[in-house]
Amino acid sequence: MYNLVIGTTIAETIRRIKAEQAASEKEKQKPRAPPEPVEEAEQSEGEAEVQESEEDVEEDAEADVDAEVVDTAADDGEEVSAADARRFIKAIRKSKKRQVSSQHADPKQLTEHFKTWGRHCHRLCGLYTDIHKTIVCGMTVLRADPCVDEDFEACYKAIPNMSASSAKLYTDKFFFLCDNIPKFMALCEQIIASPEDVFIFAKYMQVHAAAGRTTDISTLKTSFHSYFPYVVISKERVIPPPGPGRLIVPIDERSAFDRDPAEYCKKKIAQNKHLAAGAVRHKKRHQGDRPEHRDDNKSYPSYLFPTDLKYDKTQPQRQIFKSDFMVAIFRHLFQGPSAVGRGNGSRGLGRKTIVDIYGITQVTPEYLAYVATLVRYLVNTEDRWSGDDRQRTGHGLHVSLHRLLTVEYQAWKEDIESNEMEQSTDPLDWNVFAFFNDKVFGSEAGAPDQQDADDEDVFSSDEDDVRVQMLKARMAELEARRERRANGLRGASPPRSPPSELGSVDFQTVEVVDLTLAVVEVPSDHEELADDAAGWSLPY
Numbered sequence: 001m002y003n004l005v006i007g008t009t010i011a012e013t014i015r016r017i018k019a020e021q022a023a024s025e026k027e028k029q030k031p032r033a034p035p036e037p038v039e040e041a042e043q044s045e046g047e048a049e050v051q052e053s054e055e056d057v058e059e060d061a062e063a064d065v066d067a068e069v070v071d072t073a074a075d076d077g078e079e080v081s082a083a084d085a086r087r088f089i090k091a092i093r094k095s096k097k098r099q100v101s102s103q104h105a106d107p108k109q110l111t112e113h114f115k116t117w118g119r120h121c122h123r124l125c126g127l128y129t130d131i132h133k134t135i136v137c138g139m140t141v142l143r144a145d146p147c148v149d150e151d152f153e154a155c156y157k158a159i160p161n162m163s164a165s166s167a168k169l170y171t172d173k174f175f176f177l178c179d180n181i182p183k184f185m186a187l188c189e190q191i192i193a194s195p196e197d198v199f200i201f202a203k204y205m206q207v208h209a210a211a212g213r214t215t216d217i218s219t220l221k222t223s224f225h226s227y228f229p230y231v232v233i234s235k236e237r238v239i240p241p242p243g244p245g246r247l248i249v250p251i252d253e254r255s256a257f258d259r260d261p262a263e264y265c266k267k268k269i270a271q272n273k274h275l276a277a278g279a280v281r282h283k284k285r286h287q288g289d290r291p292e293h294r295d296d297n298k299s300y301p302s303y304l305f306p307t308d309l310k311y312d313k314t315q316p317q318r319q320i321f322k323s324d325f326m327v328a329i330f331r332h333l334f335q336g337p338s339a340v341g342r343g344n345g346s347r348g349l350g351r352k353t354i355v356d357i358y359g360i361t362q363v364t365p366e367y368l369a370y371v372a373t374l375v376r377y378l379v380n381t382e383d384r385w386s387g388d389d390r391q392r393t394g395h396g397l398h399v400s401l402h403r404l405l406t407v408e409y410q411a412w413k414e415d416i417e418s419n420e421m422e423q424s425t426d427p428l429d430w431n432v433f434a435f436f437n438d439k440v441f442g443s444e445a446g447a448p449d450q451q452d453a454d455d456e457d458v459f460s461s462d463e464d465d466v467r468v469q470m471l472k473a474r475m476a477e478l479e480a481r482r483e484r485r486a487n488g489l490r491g492a493s494p495p496r497s498p499p500s501e502l503g504s505v506d507f508q509t510v511e512v513v514d515l516t517l518a519v520v521e522v523p524s525d526h527e528e529l530a531d532d533a534a535g536w537s538l539p540y
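Residue numbers (full-length UniProt numbering): 1 to 540.
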């Protein structure tokens, strides 16, 4: 068990790596002296290179032998051996030098496993989360091995260059990754003793997480405009797509935008100029001359709500996340573009989707918050991903949405566990997760990945249920057969019911013609054919 540390191990490793890099740069800048013609030295250098290569080969062979024993168990279960961890870190190092062999690209190896799950990290932790800091901070706390809350608080305060609240946030996200990524915790336990390996693994996951985020952005950027809704303000006025301006307006100001979009935009531009120049003064002035200062980051954007929703201050949470635009974006990303517009629960018609690759069976707060913040970036004016702004408004939106969705998610889980889904006739009034699970998986409880227990009463009195009637009849036949066996009538056939007992159902009489009656038997050669009753006979 590790003692409580203050995180200096990670910091010392960083300083050591930087010192080594600085020393190597100084060595490169020094003028090189001409080599002395000493054969022994050249021979020793050659022998050293050969010896180093032989050590690499022996190390590979040793790792291969160790891995062969545990390959099957590691692939199927959650265990990761020390040999697997060594091979994984070595494969990452070789990938930096472009020396990856075919075995390192094998899907059965840990490199492909964590590459695939690394691309999923931002969907689990958030669009703006630093995956590198998440893993390094979480591993530092994990190495300290705290047992009680006081130990955790001491760990959070001891993390260098980070506040205690930020350290707690990153640690919580780290343990969330441990719960959702297979073999993640097992690998961390194997490499936790080496801070350098921790940094290598954190960098590896960060790179692939960024690649997954870039893929999601490029996937949606080409066609998300087609999901913009038509906005019908009145019979004489319709805002056709594209109209992204209305999507990003705070929901409590959308009615003002609809009344006069030009005037609303003019006021917003003036307000932003005042804020940027620091011209908003707090001194008293006439009410009419006082500039309106509204913080858009204290509200939610309109794209989270249905297009025709009238905002009600008494029910501000009503129908949030129920917009067709959000449903289309979510299904496009997780189920493929061909799933958009299809029936509830219908999957895309193309290649494997995110739902299939990662075995997603229900919509969670992390996925909805990720899509919502991703849409916020898509409707923005930035051409390239540049992270969050200085005010951390993107992260603030993600945190507030995640809090709201977590409350809704807990209520949904309680309804599922108690089997009491009391939903309104209008799906827009459903629980957010019941609504989205029905849209994505065709069921309010999520994907039917497991068969439910057979709680149906087979002896119900439903006369219209043919299946129940067949089951009852067959059970009665088998019970009668058991009774006959017990009475010694093993080979006896079951008694047939008289026609009068078959029921009062009127059947139409159908005359069945036996086609075999028209078949004439041909006698052998020595038999004579008899004359037919009609007076004719067949020729010989």
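Beta carbons: idealized from backbone N, C-alpha and C, even for Gly.
In this text the structure is predicted, and so the values were computed from the model without any measurement.
Between the CA atoms of residue j and residue i - distance to the nearest angstrom
i	j	result
Gly343	Asp324	13 Å
Cys167	Arg384	Note that residue 167 is Ala in the sequence shown here, rather than Cys. Rounded to whole angstroms, Ala167 to Arg384 spans 29 Å at the Cα level.
Thr307	Cys178	39 Å
Ile131	Leu471	56 Å
Leu428	Val355	24 Å
Tyr155	Ala144	Just to set this straight, residue 155 is Cys in the shown sequence, not Tyr. Straight-line Cα distance between these residues: approximately 7 Å.
Tyr377	His113	29 Å
Gly341	Lys322	15 Å
Leu309	Ala193	55 Å
Gly488	Ala476	19 Å
Thr111	Ile135	17 Å
Ala23	Leu374	43 Å
Gly442	Glu408	19 Å
Lys267	Val399	29 Å
Asp438	Ala202	36 Å
Phe175	Phe184	10 Å
Ile200	Leu169	22 Å
Tyr311	Arg87	57 Å
Asn272	Asp389	15 Å
Ser338	Leu405	27 Å
Lys94	Gln391	39 Å
Phe433	Ile416	11 Å
Three-state secondary structure assigned by DSSP to residue i
i	result
Val231	strand
Pro160	coil
Pro448	coil
Gly365	Correcting the residue type first, residue 365 is Pro in the shown sequence and not Gly. Residue state, collapsed to three classes: helix.
Pro427	helix
Pro195	helix
Pro316	coil
Pro306	coil
Pro250	strand
Pro34	Because the pLDDT at Pro34 is just 47, under 50, the model does not fix this residue reliably, and the point stays unresolved.
Pro337	helix
Pro182	coil
Pro301	strand
Phe330	helix
His225	helix
Thr215	helix
Asp71	Residue placement at Asp71 cannot be trusted, given a pLDDT of 41 that sits under 50; the coordinates are not used to answer.
Cys147	coil
Thr134	helix
Tyr358	coil
His120	coil
Trp385	coil
Phe152	helix
Lys352	coil
CA nearest to the CA of residue i, picked from the options
i	options	result
Gln362	Met162, Val375, Arg331, Thr111	Arg331
Ser223	Tyr358, Ile329, Tyr370	Ile329
Glu414	Ala445, Arg403, Gln391	Ala445
Arg403	Asn380, Pro365, Val432	Pro365
Thr219	Ser418, Gly359, Thr353	Thr353
Val141	Asp84, His122, Tyr230, Asp172	Asp172
Lys346	Ile181, Asp426, Ala447	Sequence inspection shows Ser at residue 346; the Lys mentioned does not correspond to that position. Among Ile181, Asp426, Ala447, the Cα nearest to that of Ser346 belongs to Ala447.
Residue i vs residue j beta-carbon contact at 8 Å
i	j	result
Val440	Gln335	yes
Leu368	Phe435	no
Arg254	Arg246	yes
Tyr300	Ile251	yes
Tyr204	Ile92	yes
Gln423	Trp430	yes
Tyr370	Gly138	no
Tyr303	Met326	yes
Val80	Pro244	no
When you compare the region 197-214 with the region 109-126, are there three or more beta-carbon pairs, one atom per stretch, that lie closer than 8 Å?
Result yes; three or more Cβ-Cβ pairs closer than 8 Å.
So does the region 144-153 actually touch the region 188-199, counting three or more Cβ pairs closer than 8 Å?
no
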